[in-house]
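Take a look at the structure below.
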Amino acid sequence: MFLHHIFVSALHSMHRDSDRPLLLWFRQDLRLADNPALRAAVESGQPILPVYILDDETPGAWAIGGAARWWLHHSLTALSHDLKALGAPLILRRGDSREVIDSLVREAGATAVYWNRCYEPFARKRDEAIKATLKQDGIEARSFNSALLHEPWTVENKSGEPFRVYSAFWRACLAKGKPDKPLPAPETLVAASAPASDSIGDWKLLPTKPNWAKRFESAWTPGENGAQERLTGFLDEAVNRYKAERDRPDIEATSRLSPHLHFGEIGPRQIWHATRAAMAAHDLNEASAEKFLSEVGWREFSHHLLYHNDALPEHPLRPEFADFPWHENDKALTAWQRGLTGYPIVDAGMRELWATGWMHNRVRMIVASFLVKDLLIPWQEGEAWFWDTLVDADLANNAASWQWVAGCGADAAPYFRIFNPVLQGEKFDPEGAYVRRWVPELAKMPASHIHKPWLAPDDVMRQAGVTLGKSYPNPIVDHGTARDRALDAFSRIKKAA
Numbered sequence: 008m009f010l011h012h013i014f015v016s017a018l019h020s021m022h023r024d025s026d027r028p029l030l031l032w033f034r035q036d037l038r039l040a041d042n043p044a045l046r047a048a049v050e051s052g053q054p055i056l057p058v059y060i061l062d063d064e065t066p067g068a069w070a071i072g073g074a075a076r077w078w079l080h081h082s083l084t085a086l087s088h089d090l091k092a093l094g095a096p097l098i099l100r101r102g103d104s105r106e107v108i109d110s111l112v113r114e115a116g117a118t119a120v121y122w123n124r125c126y127e128p129f130a131r132k133r134d135e136a137i138k139a140t141l142k143q144d145g146i147e148a149r150s151f152n153s154a155l156l157h158e159p160w161t162v163e164n165k166s167g168e169p170f171r172v173y174s175a176f177w178r179a180c181l182a183k184g185k186p187d188k189p190l191p192a193p194e195t196l197v198a199a200s201a202p203a204s205d206s207i208g209d210w211k212l213l214p215t216k217p218n219w220a221k222r223f224e225s226a227w228t229p230g231e232n233g234a235q236e237r238l239t240g241f242l243d244e245a246v247n248r249y250k251a252e253r254d255r256p257d258i259e260a261t262s263r264l265s266p267h268l269h270f271g272e273i274g275p276r277q278i279w280h281a282t283r284a285a286m287a288a289h290d291l292n293e294a295s296a297e298k299f300l301s302e303v304g305w306r307e308f309s310h311h312l313l314y315h316n317d318a319l320p321e322h323p324l325r326p327e328f329a330d331f332p333w334h335e336n337d338k339a340l341t342a343w344q345r346g347l348t349g350y351p352i353v354d355a356g357m358r359e360l361w362a363t364g365w366m367h368n369r370v371r372m373i374v375a376s377f378l379v380k381d382l383l384i385p386w387q388e389g390e391a392w393f394w395d396t397l398v399d400a401d402l403a404n405n406a407a408s409w410q411w412v413a414g415c416g417a418d419a420a421p422y423f424r425i426f427n428p429v430l431q432g433e434k435f436d437p438e439g440a441y442v443r444r445w446v447p448e449l450a451k452m453p454a455s456h457i458h459k460p461w462l463a464p465d466d467v468m469r470q471a472g473v474t475l476g477k478s479y480p481n482p483i484v485d486h487g488t489a490r491d492r493a494l495d496a497f498s499r500i501k502k503a504a
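To get our numbering, take the position in the sequence shown, counting from 1, and add 7.
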């Protein structure tokens with residue numbers, strides 16, 4: 008009788024636990040398909056309580072920026088709609104993640120918390136603390152990989168060290184074979200009794216006075232469906248031109264998937280397998296498709312770099328750059344931010360960024376080189392501006408890319424590689440279409456002078472309706488002089504090293 012009583016009590020306990028909810032914590036994985044934490048939650052058989060926490064405290068200086076907040080509002084709206092259709096409404100809470108998770112577990116009587124991993128230093132520290140507390144309280148805590156093809160600790164060189172050179176890193180990734188196949192989205196969810204939720208409108212993620220994000224709406228469709236449509240459209244046509252035309256900002260030849268990837272509306276495994284499937288099913292340009300996947304590899308490389316170098320967003324990987332003689336020049340920084348440098352390709356890029364929350368990758372390199380090498384303004388200033396104005400602002404990508412351009416990062420462009428903004432414009436925007444779109448005061452300038460209006464004859468300037476210093480600024484710096492100054496600064500730290 009005694010053993011029978013224990014057995015029955017255990018069954019009752021198991022039944023009670025199976026009725027208690029599992030907390031599914033969404034972060035940078037705002038999708039239903041290929042979501043390992045969601046899949047594991049479904050397989051547990053427990054009622055699922057989906058939650059998103061807006062935590063502006065834990066990230067410190069790297070709380071989500073203004074443009075990305077616009078995207079987050081619309082992405083969460085889309086996710087909430089999709090979850091509601093499956094029967095499990097999304098709970099929104101705001102505050103310190105550790106406190107909110109603890110509170111929700113108690114409110115809901117949850118027995119488990121599942122999430123997909125993030126790799127920012129503050130996120131890893133936070134997640135480790137939460138996992139330890141949950142386990143101490145007898146709550147199951149499980150995390151999964153949804154964001155990367157391979158976890159950072161699984162890709163090493165022959166010495167057991169992380170890679171610092173991209174080409175070797177990507178070869179090692181390819182040698183590991185195909186990434187896991189994407190998981191299908193669930194068809195239904197067992198919902199838990201939902202506790203109180205914030206209203207997304209109360210979070211005030213959208214700008215109002217002024218509504219500087221007004222033009223974002225015509226440029227983007229945040230959410231999982233928008234991500235899938237973007238990928239499908241790219242693989243249907245533009246991928247064939249990607250290798251040849253990806254550096255042309257005047258041509259639509261890139262995927263523009265970066266914000267969807269950052270917010271996890273689509274994952275790299277999905278992109279990998281969709282691209283491979285398209286290569287097998289269609290007559291795709293194989294070299295072009297492989298080049299596209301290698302750019303997904305650069306994202307992977309950046310996240311691995313951040314995982315192994317916590318200080319990547321603040322400090323140069325190459326220690327000699329700690330003493331680089333940067334200049335503090337608020338006037339020049341403001342001109343760069345506003346797209347008023349007098350260099351049309353630079354100004355077009357900065358204005359595209361302000362108008363759409365995005366900038367073509369080639370132009371990102373041009374404007375970054377101009378800031379750190381022509382103006383000698385610290386790369387961290389550019390990183391901070393991009394963080395607040397990019398809808399795809401990603402700590403790993405942003406930090407690694409700025410360090411790459413500045414010459415102080417891993418596998419970085421040599422410092423003496425200084426982009427000439429005139430030559431870059433003429434090469435990659437040969438007819439001036441990109442500049443005309445974003446710098447309308449130069450719309451009537453002929454292609455021969457649109458990237459160097461200060462050299463245009465007076466009659467050309469008159470016909471174009473351009474008056475330098477009035478309708479369009481004079482260059483704020485002479486590139487030749489600035490280049491010599493930058494090389495001199497580099498030679499000084501090189502000698503001191």
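Ideal Cβ positions, reconstructed from N, Cα and C, are used throughout, including at glycine.
Going by the CB atoms, is the gap between residue j and residue i shorter than 8 Å?
i: ALA403; j: SER295; result: no
i: PRO57; j: LEU97; result: yes
i: GLY3; j: ASP395; result: The requested residue 3 does not occur in the structure, where the chain is confined to residues 8 to 504.
i: GLU390; j: SER82; result: no
i: ASP418; j: VAL112; result: no
i: ASP62; j: GLY102; result: yes
i: PRO428; j: HIS334; result: no
i: ALA220; j: TRP77; result: yes
i: GLU224; j: ALA245; result: no
i: GLY52; j: PHE129; result: no
i: ILE425; j: LYS380; result: yes
i: TRP69; j: PRO385; result: no
i: ARG265; j: LEU238; result: The sequence as given places Ser at residue 265; Arg does not occur at that position. Cβ atoms of SER265 and LEU238: not closer than 8 Å.
i: GLN35; j: HIS267; result: no
i: ASN42; j: SER153; result: yes
i: GLY349; j: MET357; result: no
i: LEU86; j: LEU30; result: no
i: LEU39; j: PRO193; result: yes
Considering just the uninterrupted stretch of the beta strand (DSSP E) at residue i, what are its terminal residues?
i: VAL112; result: That residue, VAL112, is in no beta strand (DSSP E); its alpha helix (DSSP H) goes 104 to 115.
i: TRP32; result: 29 to 33
i: PRO43; result: That residue, PRO43, is in no beta strand (DSSP E); its alpha helix (DSSP H) goes 43 to 51.
i: PRO562; result: A query on residue 562 cannot be resolved here, the shown segment of the chain reaching from 8 to 504 and no further.
Along the alpha helix (DSSP H) that carries residue i, what are the first and last residues, could you check?
i: ARG342; result: Residue identity differs from the one stated: residue 342 is Ala in this sequence, not Arg. Start and end: 337 to 345.
i: ALA139; result: 128 to 143
i: LEU99; result: That residue, LEU99, is in no alpha helix (DSSP H); its beta strand (DSSP E) goes 98 to 101.
i: TYR441; result: 440 to 445
i: VAL120; result: Not the alpha helix (DSSP H): VAL120 falls in the beta strand (DSSP E), residues 119 to 123.
i: VAL379; result: Where VAL379 is concerned, there is no enclosing alpha helix (DSSP H), given that its DSSP letter is neither H nor E.
i: GLY432; result: 428 to 435
i: HIS88; result: 73 to 93
Using only the alpha-carbon positions, how far apart do residue i and residue j sit?
i: ALA284; j: ASP399; result: 26 Å
i: PRO351; j: LEU190; result: 46 Å
i: ASP330; j: LEU340; result: 21 Å
i: ARG444; j: ALA234; result: 25 Å
i: PRO229; j: TRP365; result: 13 Å
i: VAL484; j: ASP354; result: 14 Å
i: ILE500; j: GLY304; result: 32 Å
i: SER110; j: LYS132; result: 19 Å
i: LEU494; j: ALA287; result: 48 Å
i: GLY94; j: SER204; result: 16 Å
i: LEU378; j: LYS183; result: 38 Å
i: ASP26; j: PRO202; result: 16 Å
i: GLU327; j: ALA413; result: 12 Å
i: ALA375; j: TRP409; result: 7 Å
i: PHE497; j: HIS322; result: 17 Å
i: LYS185; j: ALA489; result: 47 Å
i: LYS338; j: LEU382; result: 11 Å
i: ARG178; j: LEU90; result: 38 Å
i: GLU64; j: GLU106; result: 11 Å
i: GLU302; j: PRO217; result: 36 Å
i: VAL15; j: GLY145; result: Unreliable positioning characterises VAL15 in this predicted model, as indicated by a pLDDT of 34, which lies under 50. A coordinate reading is not provided.
i: PHE176; j: ARG306; result: 12 Å
i: ALA407; j: ILE373; result: 16 Å
Of all the CB atoms in chain C, is at least one closer than 8 Å to the CB of residue i?
i: PRO275; result: Protein chains in the displayed structure number just one, and chain C is not present.
Please give me, in chain order, every unbroken run of the alpha helix (DSSP H) with length at least 4 that falls completely inside the stretch 146 to 194. 173 to 182
As an exercise, report each continuous beta strand (DSSP E) stretch of at least 3 residues that is fully enclosed by the stretch 242 to 316, in chain order. none
Stretch-stretch touch, CB-based, cutoff 8 Å, three pairs: the stretch 306 to 326 with the stretch 158 to 168: A contact exists between the stretch 306 to 326 and the stretch 158 to 168.
Pair every Cβ in the stretch 454 to 466 with every Cβ in the stretch 363 to 374, then say whether three or more of these pairs are closer than 8 Å. no
Are the stretch 249 to 266 and the stretch 419 to 436 touching by the rule of at least three beta carbon pairs closer than 8 Å? yes
Contact between the stretch 115 to 135 and the stretch 43 to 53 (3+ Cβ pairs under 8 Å): Result yes; three or more Cβ-Cβ pairs closer than 8 Å.
Within 8 Å, do at least three Cβ pairs link the stretch 205 to 215 to the stretch 243 to 252? No, they do not touch.
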